[in-house]
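Engineer: This is the structure I want to talk about, given as structure tokens.
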């Protein structure tokens, strides 16, 4: 069928009008013709949405759109600042708004290329002004000077903004959520779709997005429902675990990766959570956590970790503890940092910890609460296995540090059971405590080098407490100190049973009755050792109902040499023919030996506290442990039952045996045992053998000079005795002989002229019939003396 001429003319006219309208619409969108209108609409749009907007240029796009190039956007919403430098932005007019409202309103925005920066700036006020009330008329308002004031009328209700579909292509996005570290590399968004609907309860409805993480890992994002948050929550799912440590401008000693993330930027506070987090350190050691979350409020940042376990490269457990409920909180306004959490030992033990650092006041406080916490795994992992092998601990530890005051306050109240520790100065072998309680309140100034113990106490099992208090202050040249150790109502059997075997083995099997107490105090200045004070006091009454077979002192109470099968003794048995009774020796011999080793032997009860004080002063003066301050009774205890190790454990057991010797034996019997059983040279013991080897005389005929020489070589008979046998007298032994002769003169055993004669003979190397060469082994050697062999 063919159309008539009028119909064809009508259609041509319509097409022409439509083309003309399209041409007019296109021309109106050209910058030359419609620039002012577009600029005014853009300004109106920017002010309505409170953004700063700048466009370099634009051109028509399709039938109803515009393509803006070189777009700069700046907008602030709450604590967040959005800055965008976009290559191209395509805006298409909403036909719904055009035909139903007569408004030109964007219906779809599509971004191509550019950079977007989202910065968190808590506490910074928005600078974009609030939009003014919009006119309801499309006609510009005229000046009020040329018009009469119209009658008041009810303002028209503004139209609700329509949804705006936004699509982003190939945009680089960086995030800086202060005070968290800024991103080092941007996030590449290949595509992201979301709907902006200002009039709805959720102003931004996210659709989907995908791209690449800052470390190059591909990812996809989708919105997920979260019953705990009304704000939108997004799930960020990388194709493979992404390296978080490569995102930010921080240098960590370990790598951090995660399998998925959730982000809620509009939550209060904003939350960034990582699931299946792994921390990888050197040597294949890895730490794993099910969940790690970062939250940032207006002035506060929190880091939370769920249970953390440590494994090696093969999946084996390296650190048998688990970190649980860990939280790090930083408050920028209060300038405080709080760390808290728990360490679980894999059994039933827990160590809860918390620490608080205040930058404003410069104070660090920390608190540790232990409940049946086992230290064995930690000691092994941290390389402390030889120091604290194992133990189960309950109690509290508190510490505070104020750098401005140079002050550390430390408080401890811990009960430990099945404790094994290694203290080489105390004992060569580890010490085992069935139960040990420690209490301590102390102040320490690191820079001033000052320590003060206000309260210290140790409880061993059912025995104790043993109290400690005192202080030590750096006085510039040495330390001023005042220290005391005291206890009362101690039951010796309970104390022995609670002590490690290595400290009490000689008392094991003994039966005790009674209680005792003690107090030991020392004070002074290390620069003036001679003025150091030492006081020791004991109280109570303890009886021994039966000795241990390891140290049976009662069998020594007879006469003559001890039985050859004496339990516990470490010395060789003495034959009857080699034994010298005390009564057979000239009185000068025991007196000279006492003057050599223990001038107050016949006056003290086994311990010479004044002599010990002098030994301490001498050692401080010399800066080395050169004198022990032991009495003859202590030396006999050591020679009979103890080895040669120089530890506190040996000294404690030596003190116990000495106390037993003095309680059960006479002074004469103790001295008789000593001169017959002590080692007096390389390969021989006893005074009879010594008199024969050195002087070829019977022990009963030893002179004062000869006995003084025997006393001088006693501290090191294997060394000094060999030198005498080879014709040498060490200069240190000559000094010891002078000390012995001085004591004899003081004790009025020899006269001053005899002292002068005997010392002159000794200086010439003449001891009895011996002619010895003085050799040098210390700084007091005479000039030209050869070195001792």
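In the working numbering, the protein residues as written are 285 to 1073.
Cβ atoms here follow ideal geometry from the backbone N, Cα and C, with glycine treated the same way.
1) Among residues of its own chain, excluding the 5 on either side of residue 782, which ones have a beta-carbon nearer than 6 Å to its beta-carbon?
2) Can you tell me which of 924, 916, 886, 929 puts its alpha carbon nearest to the alpha carbon of residue 839?
3) Check whether the segment 932-943 touches the segment 954-964, counting contact only when three or more Cβ pairs, one atom from each stretch, lie closer than 8 Å.
4) Here's the rule: buried if 16 or more other CB atoms are within 10 angstroms of the residue's CB, otherwise exposed. What is residue 347?
5) Find the nearest neighbour of residue 733 within the set 609, 338, 635, 689, judged by alpha-carbon distance.
6) Any chance the segment 672-688 sits against the segment 696-710, with 3 or more Cβ pairs inside 8 Å?
7) Applying the 10 Å Cβ sphere with the 16-neighbour rule, what's the burial state of residue 549?
8) Tell me the DSSP bridge mates of residue 713?
9) Mind checking which residues open and close the alpha helix (DSSP H) that includes residue 959?
10) How big is the Cα-Cα spacing for residue 655 and residue 631?
11) In this structure, how does DSSP classify residue 264 when only helix, strand and coil are distinguished?
12) Looking at residue 580: is its Cβ nearer than 7 Å to the Cβ of residue 604?
13) Where do the N-terminal and C-terminal ends of the beta strand (DSSP E) with residue 344 fall, by residue?
14) If you compare alpha carbons, which of 1045, 717, 699 is closest to residue 724?
15) Who pairs with residue 1071 in a beta bridge, going by DSSP?
16) So, residue 952 versus residue 868, is the Cβ gap smaller than 7 Å?
17) How many Å lie between residue 817 and residue 739 at the Cα?
18) Determine the direct distance from the alpha carbon of residue 1005 to that of residue 1057, and round the result to whole angstroms.
19) Can you tell me whether residue 775 is helix, strand or coil according to DSSP?
20) Beta-carbon within less than 6 Å of residue 609's beta-carbon, same chain only, minus the 5 sequence neighbours each way: which residues are those?
21) How would you write the range of the beta strand (DSSP E) that residue 942 sits in, first residue to last?
22) Could I get the ranges of all uninterrupted beta strand (DSSP E) runs contained in the segment 574-658, with 3 residues as the minimum, in chain order?
23) For residue 679, which option in 1000, 686, 635 has the closest C-alpha, if you only look at C-alpha atoms?
24) Which residues bound the alpha helix (DSSP H) around residue 926?
25) Please determine, among 594, 590, 652, the residue with the shortest C-alpha to C-alpha distance to residue 567.
26) For residue 982 and residue 804, I'd like the C-alpha separation in whole angstroms.
27) Just to check my reading of the structure: residue 710 and residue 932 have Cβ atoms closer than 8 Å, yes? What is that Cβ distance to the nearest angstrom?
28) With a CB to CB cut of under 7 Å and the five nearest residues on each side skipped, what residues in its chain are close to residue 921?
29) Does the segment 871-878 come within contact of the segment 1028-1040, defined as at least 3 CB pairs closer than 8 Å?
30) Less than 6 Å between C-beta atoms, sequence neighbours within five positions excluded: which residues of the same chain meet that for residue 504?
31) Between the beta-carbon of residue 779 and the beta-carbon of residue 834, is there less than 7 Å?
32) When the Cα atoms are used, what is the spatial distance from residue 1052 to residue 989?
33) Just verifying my parser: in three-state terms, what is the DSSP assignment at residue 453?
34) According to the neighbour-count rule (16 or more other Cβ atoms, all chains shown, within 10 Å of its Cβ), is residue 886 buried or exposed?
35) Do residue 402 and residue 366 come within 7 Å of each other at the CB atom, strictly closer than that value?
36) Using CA coordinates, which residue listed in 896, 1020, 447 is at the minimum distance from residue 377?
Structural biologist: A quick look at the data gives this:
1) 744, 745, 747
2) 924
3) no
4) exposed
5) 689
6) yes
7) buried
8) In the DSSP output, where bridge partners are listed per residue, residue 713 has none listed.
9) 951-961
10) 11 Å
11) Residue numbering for the chain in the displayed model covers 285 to 1073; residue 264 lies beyond these limits and cannot be assessed.
12) no
13) 335-345
14) 699
15) 1060
16) no
17) 22 Å
18) 14 Å
19) coil
20) 625, 626
21) Where residue 942 is concerned, there is no enclosing beta strand (DSSP E), although the alpha helix (DSSP H) it sits in stretches over 932-948.
22) 584-589, 592-595, 601-615, 620-628, 634-642, 647-658
23) 635
24) Premise fails: residue 926 is in no alpha helix (DSSP H) and is neither H nor E.
25) 594
26) 45 Å
27) 4 Å
28) 938, 941, 942, 945
29) yes
30) 494, 521
31) no
32) 7 Å
33) strand
34) exposed
35) yes
36) 447
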